[in-house]
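Novice: One structure coming up, written as structure tokens, with questions to follow.
There are 2 protein chains.
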Amino acid sequence: MTADIRMTDPRSTRALAPRRHGEILRRLAADGTVGITELADFFDVSRQTIRRDLKLLADRGQLDLVHGGATLFEPTEAAFTARREENADAKAAIGRAAADLVRDGMVVFLDSGTTTLAAAHALLECKNLTICTTSLSIALLMCRQSLTRVHMLGGEIDRDEEASIGVDALEAINHFRVDVAFLGGGGLSPDGEVTDFTRNGAEQRSRMVATAGKAYFLLDSSKFGRLTPLRIPRFELAAGVVVDRRPPEAICEALERKGPALIVAA
Amino acid sequence: MTADIRMTDPRSTRALAPRRHGEILRRLAADGTVGITELADFFDVSRQTIRRDLKLLADRGQLDLVHGGATLFEPTEAAFTARREENADAKAAIGRAAADLVRDGMVVFLDSGTTTLAAAHALLECKNLTICTTSLSIALLMCRQSLTRVHMLGGEIDRDEEASIGVDALEAINHFRVDVAFLGGGGLSPDGEVTDFTRNGAEQRSRMVATAGKAYFLLDSSKFGRLTPLRIPRFELAAGVVVDRRPPEAICEALERKGPALIVAA
DNA sequence: AGAAATAATTACATTATGCAACATAAACGG
DNA sequence: CCGTTTATGTTGCATAATGTAATTATTTCT
Numbered sequence: 233m234t235a236d237i238r239m240t241d242p243r244s245t246r247a248l249a250p251r252r253h254g255e256i257l258r259r260l261a262a263d264g265t266v267g268i269t270e271l272a273d274f275f276d277v278s279r280q281t282i283r284r285d286l287k288l289l290a291d292r293g294q295l296d297l298v299h300g301g302a303t304l305f306e307p308t309e310a311a312f313t314a315r316r317e318e319n320a321d322a323k324a325a326i327g328r329a330a331a332d333l334v335r336d337g338m339v340v341f342l343d344s345g346t347t348t349l350a351a352a353h354a355l356l357e358c359k360n361l362t363i364c365t366t367s368l369s370i371a372l373l374m375c376r377q378s379l380t381r382v383h384m385l386g387g388e389i390d391r392d393e394e395a396s397i398g399v400d401a402l403e404a405i406n407h408f409r410v411d412v413a414f415l416g417g418g419g420l421s422p423d424g425e426v427t428d429f430t431r432n433g434a435e436q437r438s439r440m441v442a443t444a445g446k447a448y449f450l451l452d453s454s455k456f457g458r459l460t461p462l463r464i465p466r467f468e469l470a471a472g473v474v475v476d477r478r479p480p481e482a483i484c485e486a487l488e489r490k491g492p493a494l495i496v497a498a
Numbered sequence: 233m234t235a236d237i238r239m240t241d242p243r244s245t246r247a248l249a250p251r252r253h254g255e256i257l258r259r260l261a262a263d264g265t266v267g268i269t270e271l272a273d274f275f276d277v278s279r280q281t282i283r284r285d286l287k288l289l290a291d292r293g294q295l296d297l298v299h300g301g302a303t304l305f306e307p308t309e310a311a312f313t314a315r316r317e318e319n320a321d322a323k324a325a326i327g328r329a330a331a332d333l334v335r336d337g338m339v340v341f342l343d344s345g346t347t348t349l350a351a352a353h354a355l356l357e358c359k360n361l362t363i364c365t366t367s368l369s370i371a372l373l374m375c376r377q378s379l380t381r382v383h384m385l386g387g388e389i390d391r392d393e394e395a396s397i398g399v400d401a402l403e404a405i406n407h408f409r410v411d412v413a414f415l416g417g418g419g420l421s422p423d424g425e426v427t428d429f430t431r432n433g434a435e436q437r438s439r440m441v442a443t444a445g446k447a448y449f450l451l452d453s454s455k456f457g458r459l460t461p462l463r464i465p466r467f468e469l470a471a472g473v474v475v476d477r478r479p480p481e482a483i484c485e486a487l488e489r490k491g492p493a494l495i496v497a498a
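Sequence order for the protein chains is A and B.
Going letter by letter, the first sequence gives residues 233 to 498 in the working numbering.
Going letter by letter, the second sequence gives residues 233 to 498 in the working numbering.
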């Protein structure tokens, strides 16, 4: 994907800790997790050394230690964290598929939600993006990436989504010219519509669909056929719906009739 | 991989140190790190020589020495995370003192910065607050508290502060009626003025001082006497300055003459 | 719940690196 | 030609990083 212009392999000089640290953090940013054994093999050093590296990085607050490795450090700990675990593989696949729709230099809107957070992780690979988001976690994640500009849409923070919502956020959306928007949703109804839990959320997503160059809904398969109370107005203007596997045939057909393309992540 | 357009190999004349230095810096720019042994092999000189080269370049501020080699000199790398550890006790004390100024039900503005983050932690004890902040970490922290409403001021995110900054944030400040504002600052100058690093920051803080019912600057003792480039306009309208120990007498007197009270945290 | 497997911890051995002092050799200037 | 300067090499020892192995926790699987 990104051409590797590094002259020296991180394995080349065994004794340079910062090189390992750089590679570890890079992997962490890409994958979300690293394993001790896999790192020890890669660098050809002992597990103990990797443990010491991880401990050091953890003390600096750059990652979280877990049994057998480390994960991204996220100040995020809430109901939100639990949801992130659910269907994590599916969400990662959707995230990668979404990132394939993005080119370096684009202006990307990222909605709140765990699936869009997965997309944000995948987008760490891209350069020179301008990210525009309502999600606190996504803003925090992306602003640490040096070639990325981040705009946070302000407003009252919704406790469940950990994202801004309401009049201020709606207002702020109008200030941006967005190339691609990635949106979450509450469910994908049997008649091929993306639906939402809250009025505010539906309205916010509707505006993004209308104003973004291209808008995609990211929906993992647990959302198929789920009925939530609000339809998202102008949903049919969306460019596509990205899913982790093909939904029931009825939904596919309904979706196709309305317009948005169906994109199934590998 | 990288085409070498140089006419002379840096190894060609062993005795020319500047050639080595150029090559070292080039490698550093490409890889982020260089190893002593690998350089010694490459130039076919002793490790001690390379060590002397690196020492010289380090004294010039062109790189950072590490065990076994050198890395890019990056004063800003992980700046925020590192700062959080510094003076943690002092900041916690200031945070508690700040929280004592707050009553349940108030509308509180929290600026970005590590000291205000400490105040946010202390404010978790309070009930029914409305928090208004530019800091992503503070927003994330406070929004998990069930009896607290959080408003995030939107805008472009500053990588170092991990907080919104700029026109959108300035604009958003005007929408709020704030009871108490807790602000950070870059330094407390010898003539009793709070100063700042950036124009945007100074302007933002100035507005808060003017519009909040009461504004307090939270400054740990490492800021005493420190000179940063921008004064914060209308600083003297602030209700007080909260510190972890009494500053030099000259500063105390200057401060008193201007108006703000000096509050020393226990 | 209990056993097997995997990982973390601890303590100590080994190796690599850092540093300082001194040795060497080429370059320079009179 | 000599003495001086400058850069580099060498040596010995202190220090830091890494490896190893025994022990104790955790997880995982049944």
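Quick reminder that beta carbons are idealized off the backbone N, C-alpha and C, glycines included.
Output, in chain order, the set of chain B residues within a Cβ distance shorter than 8 Å of G386 (chain A).
Specialist: Correct list: H383, M384, L385, G386, G387, S396, D400, A401 and A404.
Novice: Using a Cβ distance threshold of 8 Å, determine whether the stretch 408 to 428 of chain B contacts the stretch 370 to 382 of chain B, with at least three qualifying pairs required.
Specialist: Verdict: no, contact absent.
Novice: In this structure, how does DSSP classify H299 (chain A) when only helix, strand and coil are distinguished?
Specialist: H299 (chain A) falls in the coil class under three-state DSSP.
Novice: So, are the CB atoms of A354 (chain B) and A371 (chain B) less than 8 Å apart?
Specialist: No, the Cβ-Cβ distance between A354 (chain B) and A371 (chain B) is not below 8 Å.
Novice: Within this structure, are the beta carbons of L451 (chain B) and G491 (chain B) separated by less than 8 Å?
Specialist: It is not a contact, given that the beta carbons lie outside the stated cut-off.
Novice: Tell me, please, whether the stretch 383 to 403 of chain B touches the stretch 339 to 355 of chain B by the rule of three or more beta-carbon pairs shorter than 8 Å.
Specialist: The stretch 383 to 403 of chain B is in contact with the stretch 339 to 355 of chain B.
Novice: Apart from the five residues on each side of it in sequence, which residues of its chain come closer than 7 Å, Cβ to Cβ, to G300 (chain B)?
Specialist: Within the same chain, G300 (chain B) has close Cβ partners G267 and I268.
Novice: CA-CA distance, K323 (chain B) and G419 (chain A)?
Specialist: Their backbone Cα atoms lie some 45 Å apart in a straight line.
Novice: Please confirm whether R391 (chain A) has its beta-carbon closer than 8 Å to some beta-carbon of chain B.
Specialist: Chain B contact via Cβ: present.
Novice: CB-CB under 6 Å to T362 (chain B), same chain, minus the five flanking residues each way: which ones, in chain order?
Specialist: Excluding positions up to five away in sequence, the list reads V339 and R381.
Novice: Are the C-beta atoms of H299 (chain B) and some chain A residue less than 8 Å apart?
Specialist: Answer yes: the Cβ-Cβ gap between H299 (chain B) and chain A drops below 8 Å somewhere.
Novice: With a CB to CB cut of under 7 Å and the five nearest residues on each side skipped, what residues in its chain are close to S421 (chain B)?
Specialist: Only T427 and L459 meet the Cβ criterion.
Novice: Terminal residues of the continuous beta strand (DSSP E) containing G267 (chain A)?
Specialist: Unbroken beta strand (DSSP E) run through G267 (chain A): T265 to G267.
Novice: Taking only the alpha-carbon atoms, compute the straight-line gap between L257 (chain B) and G457 (chain A) and give it to the nearest angstrom.
Specialist: Each residue's Cα considered, the two are about 58 Å apart.
Novice: Around the Cβ of P307 (chain B), are there at least 16 other Cβ atoms within 10 angstroms (buried) or fewer (exposed)?
Specialist: Because P307 (chain B) carries a pLDDT of 47, less than 50, the predicted location of this residue cannot be relied on, and no value is offered for it.
Novice: Starting from T556 (chain B), trace the beta strand (DSSP E) in both directions and tell me its first and last residue.
Specialist: Lying before the first or after the last residue shown, residue 556 (chain B) is absent from chain B, which here runs from 233 to 498.
Novice: Buried or exposed: which applies to R478 (chain A), given that a residue is buried once 16 or more other Cβ atoms fall within 10 Å of its Cβ?
Specialist: It counts as exposed.
Novice: Please report the distance separating the alpha-carbon of M192 (chain B) from that of S367 (chain B).
Specialist: Residue 192 (chain B) is absent from the structure shown; chain B starts at 233 and stops at 498.
Novice: List the DSSP bridge partners of H353 (chain A).
Specialist: According to DSSP, H353 (chain A) bridges with nothing at all.
Novice: Quick one: which chain B residues come within Cβ less than 8 Å of G254 (chain A)?
Specialist: In chain order: G264 and T265.
Novice: Do you know whose CA, among A:R252, A:G293 and A:L304, lies nearest D263 (chain A)'s CA?
Specialist: Checked all of A:R252, A:G293 and A:L304; the closest Cα to D263 (chain A) is A:L304.
Novice: Quick check: what's the CA-CA separation for D285 (chain B) versus A497 (chain A)?
Specialist: Each residue's Cα considered, the two are about 52 Å apart.
Novice: Rounded to whole angstroms, what is the Cα-Cα separation between D276 (chain B) and F275 (chain A)?
Specialist: For D276 (chain B) and F275 (chain A), the distance between alpha carbons rounds to 25 Å.
Novice: By the 10 Å Cβ neighbour count, where 16 or more other Cβ atoms means buried, how is S438 (chain A) classified, buried or exposed?
Specialist: Answer is buried; the Cβ neighbour count reaches 16.
Novice: For A498 (chain A), does the three-state DSSP call read helix, strand or coil?
Specialist: Residue state, collapsed to three classes: coil.
Novice: C358 (chain B) CB to nearest chain A CB: under 8 Å?
Specialist: No, C358 (chain B) does not count as interfacial toward chain A.
Novice: Can you tell me whether D336 (chain B) is buried or exposed, with buried defined as 16 or more other CB within 10 angstroms of its CB?
Specialist: D336 (chain B) should be labelled exposed.
Novice: Give the C-beta separation of G424 (chain A) and L487 (chain A) to the nearest angstrom, bearing in mind that I take them to be a contact with Cβ-Cβ under 8 Å.
Specialist: Between L487 (chain A) and G424 (chain A) the Cβ distance is about 4 Å, and since that is below 8 Å, they are a contact.
Novice: Quick one: complete alpha helix (DSSP H) runs, 4+ long, within the stretch 371 to 435 of chain A?
Specialist: If we require 4 residues or more, the alpha helix (DSSP H) runs fully inside the stretch 371 to 435 of chain A come out as 399 to 405.
Novice: Anything in the stretch 420 to 437 of chain B with a Cβ closer than 9 Å to a Cβ of chain A? List those residues in chain order, please.
Specialist: Under the 9 Å Cβ criterion, the stretch 420 to 437 of chain B contributes no residue.
Novice: What whole-angstrom Cβ distance do A444 (chain B) and V412 (chain B) have, given they're in contact under 8 Å?
Specialist: Yes, A444 (chain B) and V412 (chain B) are in contact; Cβ-Cβ is about 7 Å, under 8 Å.
Novice: To test your reading of the DSSP string, which unbroken beta strand (DSSP E) runs of 3 or more residues are found completely within the stretch 456 to 489 of chain B?
Specialist: With a minimum length of 3 residues, the continuous beta strand (DSSP E) runs that stay inside the stretch 456 to 489 of chain B are 472 to 475.
Novice: When we look at the beta-carbon of G293 (chain B) and count the other beta-carbons within 10 Å, is it buried (16 or more) or exposed?
Specialist: Looking at its Cβ environment, which holds fewer than 16 other Cβ atoms inside 10 Å, G293 (chain B) is exposed.
Novice: Can you tell me whether DSSP reads R251 (chain A) as helix, strand or coil?
Specialist: Helix.
Novice: Label K359 (chain A) either buried or exposed according to how many other C-beta atoms from any shown protein chain fall within 10 Å of its C-beta, with 16 as the threshold for buried.
Specialist: That one is exposed.
Novice: Is DSSP giving A340 (chain A) helix, strand or coil here?
Specialist: Note that residue 340 (chain A) is Val in the sequence shown, not Ala. Of the three classes helix, strand and coil, the one that applies to V340 (chain A) here is strand, per DSSP.
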